[in-house]
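Numbering (my numbering), first residue to last: 59 to 296. In this text, a Cβ means the ideal position worked out from N, Cα and C, and glycines have one as well.
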Ligand code: ADP
Ligand code: MG
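Written out as structure tokens, the structure is:
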């Protein structure tokens, strides 16, 4: 579990600033959703938290300790991507095992973690399959399984359901929320889908062009949007 804090976080690509100084506290154990239109900087923010992208300014703290200089594996975060990012030449089991072997986890701990994640996600029958033999929903379960086995301090989801059809998306939403209840781990979930934000979040952070427009509970944002952009985006009547 982890409390995350962003202080004046900035990002520029070449001379163009795309994240303009973000301050945010993500509460320990919360399910926080970053929502905003395409290009507003959601993925960039998540990638900076994960350590996949350097900051141009500011600081990121985990449980009060600065972490923005740490390599990704030292931060204790697990990221789940829209594209699943599974290793195509490895079985499901090997996909889940790979990161743990790399992290030099004792052998005796590896197999129980994989079995437990497989049970939680109901992917036990798929363990010997290769990624090309999986449906979209199964692939995303495996991608989540690969994050669970790491027992991270926080999960970072970047539009994990965008490639799935509408029916499966609704089902997976409730599975991810159930997973959060079961594990209690801090989760940050990025989406451009307002319904996903409203139905899944404890706290919603509305982003627009590299800045936070408003952060609050779904009810706060729905009942008291600070401006028309938030109102329009969250879907409250104007
Ligand atoms: P979102 O995930 O909300 O759609 P992104 O974080 O991907 O937004 O992008 C935010 C902005 O940063 C966009 O204007 C995008 O074009 C730009 N951007 C993202 N990645 C790069 C990159 N590697 N090089 C240059 N510009 C980038
Ligand atoms: Mg994105």
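For residue i, three-class secondary structure by DSSP
| i | result |
| --- | --- |
| residue 271 | strand |
| residue 261 | strand |
| residue 266 | strand |
| residue 174 | helix |
| residue 138 | strand |
| residue 148 | coil |
| residue 288 | helix |
| residue 248 | strand |
Residue from the options whose Cα sits closest to the Cα of residue i
| i | options | result |
| --- | --- | --- |
| residue 206 | 122, 226, 148 and 177 | 177 |
| residue 133 | 212, 182 and 168 | 212 |
| residue 242 | 89, 214 and 108 | 89 |
| residue 257 | 283, 124, 228 and 165 | 228 |
| residue 347 | 233, 63 and 218 | Nothing about residue 347 can be read from this structure; the chain reaches only from 59 to 296. |
| residue 68 | 107, 196 and 248 | 107 |
| residue 272 | 78, 62, 82 and 63 | 82 |
| residue 74 | 286, 267, 193 and 187 | 267 |
| residue 161 | 235, 185, 142 and 129 | 129 |
Distance between beta carbons of residue j and residue i, contact taken as under 8 Å
| i | j | result |
| --- | --- | --- |
| residue 216 | residue 291 | Not a contact, Cβ separation roughly 19 Å. |
| residue 172 | residue 154 | 5 Å |
| residue 84 | residue 277 | With a Cβ gap of about 19 Å, residue 84 and residue 277 do not count as contacting. |
| residue 77 | residue 103 | 6 Å |
| residue 137 | residue 214 | 4 Å |
| residue 262 | residue 150 | 33 Å between Cβ atoms; not a contact. |
Counted within 10 angstroms of its Cβ, other Cβ atoms place residue i as buried (16 or more) or exposed
| i | result |
| --- | --- |
| residue 210 | buried |
| residue 167 | exposed |
| residue 127 | exposed |
| residue 264 | buried |
| residue 60 | buried |
| residue 281 | exposed |
Near ligand 3: residue i beta-carbon under 8 Å from a heavy atom
| i | result |
| --- | --- |
| residue 101 | Absent from the structure shown: ligand 3. Ligands present: ligand 1 and ligand 2. |
Report the start-end ranges of each beta strand (DSSP E) in the stretch 64-116 that is 3 residues or longer and not cut off at the edges.
Within the stretch 64-116, the runs of beta strand (DSSP E) at least 3 residues long that lie entirely inside it are, in chain order, 74-84 and 89-93.
To test your reading of the DSSP string, which unbroken beta strand (DSSP E) runs of 3 or more residues are found completely within the stretch 179-233?
The qualifying runs are 212-216.
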